[in-house]
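Chains as they are written, first to last, in full-length UniProt numbering: chain A, 1 to 131; chain B, 1 to 384.
Glycine is no exception: its CB is placed at the ideal position from the N, C-alpha and C atoms.
The model shown is predicted, which means the values in this text are computed figures rather than measured ones.
Worksheet: the structure to be examined is printed underneath.
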Amino acid sequence: MVVPDAETKPFWDGIATGELRIQRCPACEKAVFYPRAVCPHCFDGEPIWIRAAGTGTVYSYTVAHRAFGEFAAQAPFTVALVDLDEGVRMMTRIVDARPGEVRIGARVRLEMTTLTPDGPQLPCFRLVEQA
Amino acid sequence: MSARRRAAIVGVAESEVGKTPHLTVLSQQAIASRAALAEAGLDRDDVDALFVAGGWSWAPALALAEYLGLRPRYLDGTNIGGSSFEAHLGHAAAAIEAGRIDVALIAYGSTQRSDRTRNAPRPATLGEQFERPYGLPLPVGAYALAANRYLHQYGVTSEQLAEVAVNTREWARLNPNAYHRDPLTVDDVLASPMICEPLHKLDCCLVTDGGGAVVVAASDRWADVATRPVVVLGHGESTTHHTIANMPDLTVTGAARSGPAALGMAGVTHDDIDVLEIYDSFTITVLLTLESLGFCKPGEAGELVGGGRTAPGGALPMNTNGGGLSYTHPGMYGIFLLIEAARQLRGDYAATDPRRQVPGAELALVHGTGGVLSSTSTVVLGRG
């Protein structure tokens, strides 16, 4: 169960409308994720919301063969850390990947989906077909 | 001026480890604390500082002080995961050196195996709302992400990860209290069920109940104690992140900071260390830690542990109680690293089981890792 708070509500509101929102610091211009009131890079600026392009690269991944609660029946599934092109890293699910298909360094693009029947829309990713 | 006050471990004890449905998180700690104080030849009322970690109460230090009938005048509830106890020891040593306390009790207990609560779902708040919704089992999934990145980056193999578990099992076979004592091979590890790629079940630590306690005393009390003091020579701690997506480099842990700090304070180098007690929540934890501590270059830890070098009789004795992988792992394992290091440096096993005693052990490096590779704490201990 996700519990949005005052600081993260704009993120989840964006997800509900199909937009992946991250932040950028007006002082040092670096991207920020997860949302914060003070920039963790320069500790000076107050980050503002921007829309992420929704493209990135797999930094690492794992295929979970065991999971718990509402996720147990979904195993095996692929969870990844994706480096967004804006320069932040986030955990995500890689959807519709065949076993062994996900590789470190693979390009991925955003795909909003739900993972559980009553769960929220989530920023998941899918492999970009290589030419 | 008198010589600088120093701190030493003067008593250690486990409670019952394994499966203990007849005990509670509090009775676990009481049994261990009484035994550790008895070993030291100190009374409960000698304790003036209490160090407690865990998520079992809103204020574990208060709950344990009340349960034990302690009236500490110095409290430390530092809670940074499995490395908390190495941090506690460092903090206790600092307080002793500053003249603030005389005798510290560090305690831990858990009934997580009997409670079957470890994987209970909980609401995703704060930073966790960006990780929990994806269903990754934690902490194992986070360590698997690090392991996959590490294997990719350096061409290390699953077989090399498995060797950590195999060597550790050889030590567990010498420990009558170890949970697993059967022989183990690399093939056994690779044939065990896959949990999160590339980590198999036998790449993962145990889930047990258990408790432990460590008594630390100032040098002006050493003449009163019944054991050979194990001196705290150096300490360092660090955090790099809380959630795994925020770890700057999945192949470098905070050991890269806490290790050199501890070695530097002790004034010793890697080659001086006789025995290693390295937190082994997962096989990958050990390889990353050895590299980050500087015992070898990045990507070379597989070779460092290979060929049984960290097993009994090897050149680099490590995790000599059988580790979290085969001895016990009640959620936060770090206190058991300290207990084992103290016993090795005192030479306790020379009489009971010489195969388990590291010959001539004078210096130990003890390294805790907490959370999802999130915190580290390193201590260097020396035979007093």
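Annotation for H367/B: the continuous beta strand (DSSP E) segment containing it runs 363 to 370. When Cβ pairs closer than 8 Å are counted between the two stretches, the stretch 210 to 221 of chain B is seen to touch the stretch 11 to 18 of chain B, the count reaching three or more. Listed in chain order, the positions of the stretch 124 to 139 of chain B with a beta carbon within less than 7 Å of a beta carbon of chain A are A124, T125, G127, Q129, F130, E131, P133, Y134, G135, L136, P137.
For D5/A, same chain residues with a beta-carbon under 7 Å away, outside a window of 5 residues either side, do not exist. In the assembly as shown, F43/A is an exposed residue. Its beta-carbon has fewer than 16 other beta-carbons within 10 Å. Taking 3 residues as the minimum length, the beta strand (DSSP E) runs contained wholly in the UniProt domain "ChsH2 rubredoxin-like zinc ribbon" (12 to 46) of chain A are 21 to 24, in order along the chain. Between L276/B and M247/B, the C-beta spacing is not below 8 Å. The shortest C-alpha to C-alpha distance from S33/B to any of I273/B, P21/B, L64/B, W56/B is the one to L64/B.
In the three-state DSSP reduction, M91/A falls in the strand class (E or B). For A6/A, the secondary structure class from DSSP, reduced to helix, strand or coil, is coil. One Cα belongs to L174/B, the other to G323/B, and the distance between them is close to 12 Å. Boundaries of the beta strand (DSSP E) harbouring M194/B: 194 to 196, taken from the DSSP string. Within chain A, the residues T62 have their CB atoms less than 7 Å from the CB of A144/B, given in chain order. Residue burial is scored here from C-beta neighbours: I48/A has fewer than 16 other C-beta atoms within 10 angstroms and is therefore classed as exposed. From the beta-carbon of H242/B, no residue of chain A is found nearer than 9 Å; the closest lies around 11 Å away. In this structure, V216/B lies near I96/B, with their beta-carbon atoms less than 8 Å apart. Here the alpha carbon of R122/B sits roughly 7 Å from the alpha carbon of M1/A.
For T185/B, the secondary structure class from DSSP, reduced to helix, strand or coil, is coil. P26/A has a beta carbon lying at 8 Å or more from every beta carbon in chain B. The UniProt domain "Thiolase C-terminal" (236 to 383) of chain B contains, as complete beta strand (DSSP E) runs of 3+ residues, the segments 275 to 278, 363 to 370, 375 to 383 (chain order). Comparing alpha-carbon positions, the option among G127/B, G41/B, G384/B lying closest to A342/B turns out to be G384/B. Separation of the CB atoms of F130/B and D203/B is rounded to 26 Å, and the pair is thereby denied contact status at 8 Å. Secondary-structure assignment with DSSP links M112/A through a beta bridge to P123/A.
Per DSSP, reduced to three states, the secondary structure at I48/A is strand.
In the same chain as R109/A, and ignoring 5 residues on each side of it, the C-beta atoms closer than 7 Å to its own belong to G54, T55, F125, R126, V128, in chain order. At a cut-off of 8 Å, the C-beta of A13/B has no neighbouring C-beta in chain A. Less than 8 Å divides the Cβ of L338/B from the Cβ of V366/B. In the three-state DSSP reduction, I101/B falls in the coil class, being neither helix nor strand.
Take A361/B, set aside five residues on each side of it, and the residues of its chain with a beta-carbon closer than 6 Å to its own are D274, V275, Q344, L345, in chain order.
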